[in-house]
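S.K.:
2 protein chains.
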Amino acid sequence: MELENVTDEATPAPRRRYDDACGTALALEFVGERRALLIIRELLLGPRRFGELRAGLRGLSANVLTQRLQSLEASGVLTRETLPPPANVQVYALTPWGKEAEPIVMALGRWALRSPAHDPSRPFSPVSLMLALRMMLLPDRARGFTATIGFRMGKEGYTAQIDKDRVLLDRSALDRADAVLTGDPNAFLPALFGTTPLPDLVARGRVTVDGDLALATEFCTFFALPPKIG
Amino acid sequence: MELENVTDEATPAPRRRYDDACGTALALEFVGERRALLIIRELLLGPRRFGELRAGLRGLSANVLTQRLQSLEASGVLTRETLPPPANVQVYALTPWGKEAEPIVMALGRWALRSPAHDPSRPFSPVSLMLALRMMLLPDRARGFTATIGFRMGKEGYTAQIDKDRVLLDRSALDRADAVLTGDPNAFLPALFGTTPLPDLVARGRVTVDGDLALATEFCTFFALPPKIG
DNA sequence: CTGTATCCGTGTTGATACTG
DNA sequence: CAGTATCAACACGGATACAG
Numbered sequence: 000m001e002l003e004n005v006t007d008e009a010t011p012a013p014r015r016r017y018d019d020a021c022g023t024a025l026a027l028e029f030v031g032e033r034r035a036l037l038i039i040r041e042l043l044l045g046p047r048r049f050g051e052l053r054a055g056l057r058g059l060s061a062n063v064l065t066q067r068l069q070s071l072e073a074s075g076v077l078t079r080e081t082l083p084p085p086a087n088v089q090v091y092a093l094t095p096w097g098k099e100a101e102p103i104v105m106a107l108g109r110w111a112l113r114s115p116a117h118d119p120s121r122p123f124s125p126v127s128l129m130l131a132l133r134m135m136l137l138p139d140r141a142r143g144f145t146a147t148i149g150f151r152m153g154k155e156g157y158t159a160q161i162d163k164d165r166v167l168l169d170r171s172a173l174d175r176a177d178a179v180l181t182g183d184p185n186a187f188l189p190a191l192f193g194t195t196p197l198p199d200l201v202a203r204g205r206v207t208v209d210g211d212l213a214l215a216t217e218f219c220t221f222f223a224l225p226p227k228i229g
Numbered sequence: 000m001e002l003e004n005v006t007d008e009a010t011p012a013p014r015r016r017y018d019d020a021c022g023t024a025l026a027l028e029f030v031g032e033r034r035a036l037l038i039i040r041e042l043l044l045g046p047r048r049f050g051e052l053r054a055g056l057r058g059l060s061a062n063v064l065t066q067r068l069q070s071l072e073a074s075g076v077l078t079r080e081t082l083p084p085p086a087n088v089q090v091y092a093l094t095p096w097g098k099e100a101e102p103i104v105m106a107l108g109r110w111a112l113r114s115p116a117h118d119p120s121r122p123f124s125p126v127s128l129m130l131a132l133r134m135m136l137l138p139d140r141a142r143g144f145t146a147t148i149g150f151r152m153g154k155e156g157y158t159a160q161i162d163k164d165r166v167l168l169d170r171s172a173l174d175r176a177d178a179v180l181t182g183d184p185n186a187f188l189p190a191l192f193g194t195t196p197l198p199d200l201v202a203r204g205r206v207t208v209d210g211d212l213a214l215a216t217e218f219c220t221f222f223a224l225p226p227k228i229g
């Protein structure tokens with residue numbers, strides 16, 4: 000049947016596009032490619048450099064990261080900015096609209112963590128650990144807590160505060176923290192999301208705490224993984 | 000079989016897996032493949048058959064749909080059920096956990112609709128139109144409205160009711176509706192999300208209304224697209 | 001009609017090597 | 001450190017053909 004296979008009507012049929020007016024489908028055209036949402040996750044706590052992104056998303060090769068950054072920039076999700084001298088380095092930052100994707104990242108995380116397939120022994124990036132605090136907060140338990148807790152993981156430092164049912168996160172303000180926990184991201188998990196008291200982790204040398212250990216220990220009880228399905 | 004293909008070293012190298020403890024990354028392993036979330040969208044209002052899914056997701060080939068259904072079933076997102084005789088047909092239904100993915104679909108849609116790239120002239124599936132009602136409800140405007148409005152699009156029928164800031168959707172309960180709108184999904188848009196009064200659409204023959212036209216017209220004013228970015 | 005299997009052209013992904 | 005180039009493996013979608 001060599002009959003030419005005329006393309007249905009006028010549409011040139013852009014093959015890899017969902018031809019769908021639904022907002023969800025449009026969103027997937029923006030952020031539906033592999034790892035795109037994880038790149039956004041890594042940017043949710045502030046601008047990052049190319050190499051930092053690669054570090055937070057192990058296994059992502061440079062060429063794919065380049066492609067994603069270009070396509071996310073074209074969509075208006077992020078911008079590429081050059082810091083003024085003497086820094087003079089390039090960083091990638093979410094646009095205001097890009098930051099509004101945070102509820103998507105959170106909804107995905109909260110949902111998937113109910114699966115028994117979740118394996119917290121895999122590595123956490125520093126950003127994803129901090130976002131997990133926001134994701135897993137038990138507001139009733141944390142209410143009224145006013146101290147600032149710092150986390151130092153390798154070169155990265157963050158502070159967390161409780162503000163009305165929400166966790167405020169800030170990069171590199173460790174000097175204002177009432178207590179600073181230092182360690183590998185995964186080392187904190189038993190205290191934050193399990194039942195191990197923070198001092199036990201300190202005793203085992205997995206974590207060190209500078210400042211008010213009692214405050215830090217209390218802070219660690221404000222979080223819990225969601226109940227598993229079934 | 001030439002065995003060759005020795006897996007690199009200790010790591011069986013699950014190449015296409017994100018090796019990440021973050022819940023967001025895990026979610027993307029479940030629903031991050033192309034169209035997976037759109038399949039979930041099509042199932043959010045009730046079980047569907049293979050062919051119905053293909054109809055709602057034009058351009059999805061049968062082989063890929065088979066793969067997705069298998070992988071979503073393996074993840075526990077949906078189940079394949081055989082209706083009892085005489086129907087005796089197979090349908091795909093979300094599990095309770097799968098239904099909990101609705102906030103993800105909604106968050107994606109609400110976010111993307113703020114982009115100027117959104118083109119409502121593309122086709123809507125009946126399901127996505129009904130979900131758009133839930134997504135775009137202006138609760139303050141709808142409060143107190145108690146009537147039931149039906150929508151008939153081809154063979155598919157749905158009813159919508161307002162229930163405390165939320166739109167209740169039901170399939171095939173048109174007989175209990177106070178007014179039923181009939182037409183193509185896209186034909187409703189000017190009245191639902193634009194400023195065209197419903198009677199104008201009726202006058203132009205794009206939509207027909209059975210029952211209380213005044214109630215239906217009022218219902219159509221309860222929705223609006225989110226403000227564009229910029 | 002429902003679903004699966006197979007071939008094929010093309011686009012996407014990721015490992016490695018390479019350039020400024 | 002920041003990215004590009006190249007290449008092999010795989011995923012996607014169209015078009016079948018085929019089983020119940």
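Protein chains in written order, with numbering that gives the first Met the number 0: chain Z, 0 to 229; chain E, 0 to 229.
Note that CB positions come from ideal geometry on N, CA and C, so glycine has one too.
List the residues that DSSP assigns as beta-bridge partners of Q89 (chain Z).
M.R.: Here residue 89 (chain Z) refers to the residue found at position 90 when the first sequence is read from its first residue. Answer is Z:T81, bridged to Q89 (chain Z).
S.K.: Where DSSP assigns a beta bridge to T207 (chain E), which residues make up the other side?
M.R.: Along the second sequence, read from residue 1 onward, the residue named residue 207 (chain E) stands at position 208. DSSP lists E:T181 as partners of T207 (chain E).
S.K.: Taking 8 Å as the limit between beta carbons, can you name the residues of its chain near K227 (chain Z), skipping five residues before and five after?
M.R.: For the purposes of this step, residue 227 (chain Z) is taken as the residue at position 228 of the first sequence. R113, S114, P115.
S.K.: For I228 (chain E), does the three-state DSSP call read helix, strand or coil?
M.R.: As a first step, residue 228 (chain E) must be located in the second sequence, where it is residue number 229. Coil.
S.K.: Distance cutoff 8 Å, beta carbons only. Does S60 (chain E) sit that close to anything in chain Z?
M.R.: As a first step, residue 60 (chain E) is located in the second sequence; it is residue number 61 there, counting from the start. Cβ-Cβ to chain Z under 8 Å: no for S60 (chain E).
S.K.: Any beta carbon of chain E sitting closer than 8 Å to that of T207 (chain Z)?
M.R.: Here residue 207 (chain Z) refers to the residue found at position 208 of the first sequence. Taking Cβ atoms only, chain E never reaches closer than 8 Å to T207 (chain Z), which makes this a no.
S.K.: Identify the contact partners of F187 (chain E) in chain Z, using a Cβ-Cβ distance below 7 Å as the criterion.
M.R.: The sequence position of residue 187 (chain E) within the second sequence is 188, counting from 1. Simply none; closest approach about 12 Å.
S.K.: Taking Cβ positions only, does S127 (chain Z) come closer than 8 Å to chain E?
M.R.: To locate residue 127 (chain Z), count along the first sequence from 1; it is residue 128. It does: the Cβ of S127 (chain Z) has a partner Cβ on chain E nearer than 8 Å.
S.K.: Which term fits A73 (chain Z), buried or exposed, when burial requires 16 or more other beta carbons within 10 angstroms of its beta carbon?
M.R.: Taking the first sequence and counting its residues from 1, the one referred to as residue 73 (chain Z) is at position 74. With fewer than 16 other Cβ atoms within 10 Å, it is exposed.
S.K.: Using only the alpha-carbon positions, how far apart do E155 (chain Z) and F221 (chain Z) sit?
M.R.: The count along the first sequence starts at 1 and reaches residue 155 (chain Z) at position 156. The count along the first sequence starts at 1 and reaches residue 221 (chain Z) at position 222. Answer to the nearest angstrom: the Cα atoms are 22 Å apart.
S.K.: Show which residues of chain Z have a CB atom less than 9 Å away from the CB atom of I228 (chain E).
M.R.: Here residue 228 (chain E) corresponds to residue number 229 of the second sequence, with the count starting at 1. Result: G75, T94, P95, W96, E99.
S.K.: Do the region 141-155 of chain Z and the region 174-194 of chain Z touch if we need at least three Cβ pairs shorter than 8 Å?
M.R.: Verdict: yes, contact present.
S.K.: Count the other C-beta atoms from every protein chain shown that fall within 10 angstroms of the C-beta of P125 (chain Z), then say buried if there are 16 or more, exposed otherwise.
M.R.: Numbered from 1 along the first sequence, position 126 holds the residue referred to as residue 125 (chain Z). Its Cβ being crowded by 16 or more others within 10 Å, P125 (chain Z) is buried.
S.K.: Residues in the same chain with beta-carbon distance under 6 Å from L214 (chain E), minus the five sequence neighbours each way, listed in chain order, please.
M.R.: Stepping through the second sequence from its first residue, residue 214 (chain E) is reached at position 215. Counting only Cβ-Cβ distances below 6 Å, and skipping sequence neighbours, we find A146, D177, A178.
S.K.: So, helix, strand or coil for A24 (chain Z), using DSSP?
M.R.: On the first sequence, residue 24 (chain Z) is found 25 positions in, with the first residue counted as 1. DSSP places A24 (chain Z) in helix when its eight states are reduced to three.
S.K.: Whose CA, out of E:A223, E:L224, E:F29, E:Y157, lies closest to the CA of H117 (chain Z)?
M.R.: Translated into positions along the first sequence, residue 117 (chain Z) becomes position 118. Measuring from the Cα of H117 (chain Z), the nearest candidate turns out to be E:F29.
S.K.: Span of the beta strand (DSSP E) holding T158 (chain E)?
M.R.: Along the second sequence, one-based indexing puts residue 158 (chain E) at 159. First-last of the beta strand (DSSP E) with T158 (chain E): 155-162.
S.K.: For the region 44-52 of chain E against the region 35-42 of chain Z, are there 3 or more C-beta pairs whose distance is under 8 Å?
M.R.: With the cut-off at 8 Å, the region 44-52 of chain E and the region 35-42 of chain Z do not touch.
S.K.: Tell me whether M135 (chain E) sits in a helix, a strand or coil according to DSSP, three-state version.
M.R.: Translated into positions along the second sequence, residue 135 (chain E) becomes position 136. Three-state DSSP puts M135 (chain E) in coil, outside helix and strand.
S.K.: Measure the Cβ-Cβ separation of T78 (chain E) and T94 (chain E) and say whether it is below 8 Å.
M.R.: Taking the first residue of the second sequence as position 1, residue 78 (chain E) is located at position 79. Taking the first residue of the second sequence as position 1, residue 94 (chain E) is located at position 95. Going by C-beta atoms, T78 (chain E) is nearer than 8 Å to T94 (chain E).
S.K.: Per the DSSP calculation, G149 (chain Z) is bridged to which residue(s)?
M.R.: Within the first sequence, numbered from 1, the residue matching residue 149 (chain Z) stands at position 150. For G149 (chain Z), which the question treats as bridged, DSSP gives the partners Z:T158, Z:V179.
S.K.: Quick one: using the 10 Å Cβ neighbour count with 16 as the cut-off for buried, is T207 (chain Z) buried or exposed?
M.R.: In the first sequence, counting from the first residue as 1, residue 207 (chain Z) sits at position 208. By the 10 Å Cβ count, T207 (chain Z) comes out exposed.
S.K.: Against chain E, does F221 (chain Z) count as a neighbour if the rule is that its beta carbon must be under 8 Å from one of theirs?
M.R.: Within the first sequence, numbered from 1, the residue matching residue 221 (chain Z) stands at position 222. Taking Cβ atoms only, chain E never reaches closer than 8 Å to F221 (chain Z), which makes this a no.
S.K.: Can you pull the chain Z neighbours of R244 (chain E), defined as C-beta to C-beta under 8 Å?
M.R.: Missing from the structure shown is residue 244 (chain E); chain E here goes from 0 to 229 and no further.
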